[in-house]
Amino acid sequence: MSAASEPLAPLPRAFFLRPTIEVAQDLLGRYLVLARKDEAPRIGRLVETEAYLGETDLASHAARGKTRRNAPMYEEPGHAYVYFVYGMHWCLNIVTEEAGTPCAVLLRAAEPVAGLTQAADGPGKLCRAFGLDGEWNRADLTSGELRTTYGAPVAPDEVLATARVGVAYAGSWAQEPLRFFVASSNCVSRSRTASPSGTLWERPAAGAKRRGRVRACP
DNA sequence: AGCGGGATTAGC
DNA sequence: CTAATCCCGCTT
12 MSAASEPLAP LPRAFFLRPT IEVAQDLLGR YLVLARKDEA PRIGRLVETE AYLGETDLAS
72 HAARGKTRRN APMYEEPGHA YVYFVYGMHW CLNIVTEEAG TPCAVLLRAA EPVAGLTQAA
132 DGPGKLCRAF GLDGEWNRAD LTSGELRTTY GAPVAPDEVL ATARVGVAYA GSWAQEPLRF
192 FVASSNCVSR SRTASPSGTL WERPAAGAKR RGRVRACP
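Under the numbering used here, the residues of the first sequence are numbered 12 to 229, in order.
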């Protein structure tokens, strides 16, 4: 969007103050950057995201209203919502739309660009690769050590959509094509439920084995 | 207080 | 297929 075309220029708050689906798609190809003092910057190119669309979205943490856990989703766009799942994994979201509208984009996978020593091909693995935990909850991603930057945005025809992962409990919302990923990337998560259902996806031939990714993430 | 489950991952 | 592992939300 803006005139800022420097790959490492931070995405401004206005970027996140837009419809969540738009933000989720537009984040693909952007860089997630962690630049801390006394440490080489960690940079990943976002290749997989999911949109969560407020209290009516039964797959969203906001589906049952505001709680202490999901409160950041109700706050200012451009901030982090970091939560803990399954007793061992952290997941990073970026809050979107106006304060009071509990929408967010889950960052699910990134390709290594610099400073990463572990794969980031999954939401838990992304946080692990960047060393992110609950301390980053509510962090402002438009300034500070953790940010998203202009990066190298991808063309819309390189983006595929499928149902979101791990939300089978969400009724009809489980089928919505709200997971987006870069078609050509090797670093997309290897989710068990990655069976493509999005309209943009070309279904593999019957019987063809597919476990989410074809080759190993570099 | 206690209980059930989860926007996941790795290993058998 | 399943264990790991714990915070949170909801129920007693």
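Built from N, CA and C at the ideal position, the CB exists for glycine as well.
- Query: CB of residue 89 to nearest heavy atom of the ligand NAD: below 6 Å?
  - Reply: As presented, the structure is devoid of all ligands, the ligand NAD included, so that no description of it is given.
- Query: Using the C-alpha atoms, what's the distance from residue 127 back to residue 19?
  - Reply: Residue mapping note: residue 19 aligns to position 8 of the first sequence, counting from 1. Residue mapping note: residue 127 aligns to position 116 of the first sequence, counting from 1. Residue 19 and residue 127: Cα-Cα distance of roughly 16 Å.
- Message: Comparing C-alpha positions only, which one of 201, 158 and 165 sits nearest to residue 132?
- Response: One-based indexing of the first sequence puts residue 132 at position 121. Residue 201 is the option with its Cα nearest to residue 132.
- Task: Given a cut-off of 7 Å, decide if residue 90 and residue 234 are closer than it, judged by their beta-carbon atoms.
- Result: Because the chain is modelled from 12 through 229, residue 234 falls outside the range shown and cannot be assessed.
- Can you tell which of 124, 95 and 179 has the C-alpha that lies nearest to the C-alpha of residue 147? Position 136 of the first sequence, counting from 1, holds the residue named residue 147. Nearest of 124, 95 and 179 to residue 147, Cα basis: 95.
- Among 31, 40 and 68, which one has its Cα closest to the Cα of residue 180? In the first sequence, the residue the question calls residue 180 occupies position 169. Among 31, 40 and 68, the Cα nearest to that of residue 180 is on 68.
- Query: Are residue 166 and residue 188 touching if we call contact CB-CB under 7 Å?
  - Reply: For the purposes of this step, residue 166 is identified with residue 155 of the first sequence, where counting begins at 1. For the purposes of this step, residue 188 is identified with residue 177 of the first sequence, where counting begins at 1. No, Cβ-Cβ distance for residue 166 and residue 188 is not below 7 Å.
- Task: Look at the alpha carbon of residue 49 and the alpha carbon of residue 156, and state the distance between them as a whole number of angstroms.
- Result: Here residue 49 refers to the residue found at position 38 of the first sequence. Here residue 156 refers to the residue found at position 145 of the first sequence. Cα to Cα, residue 49 sits roughly 12 Å from residue 156.
- Query: The alpha helix (DSSP H) with residue 158 in it runs from where to where?
  - Reply: To locate residue 158, count along the first sequence from 1; it is residue 147. Residue 158 -> not in any alpha helix (DSSP H); beta strand (DSSP E) instead, spanning 157-160.
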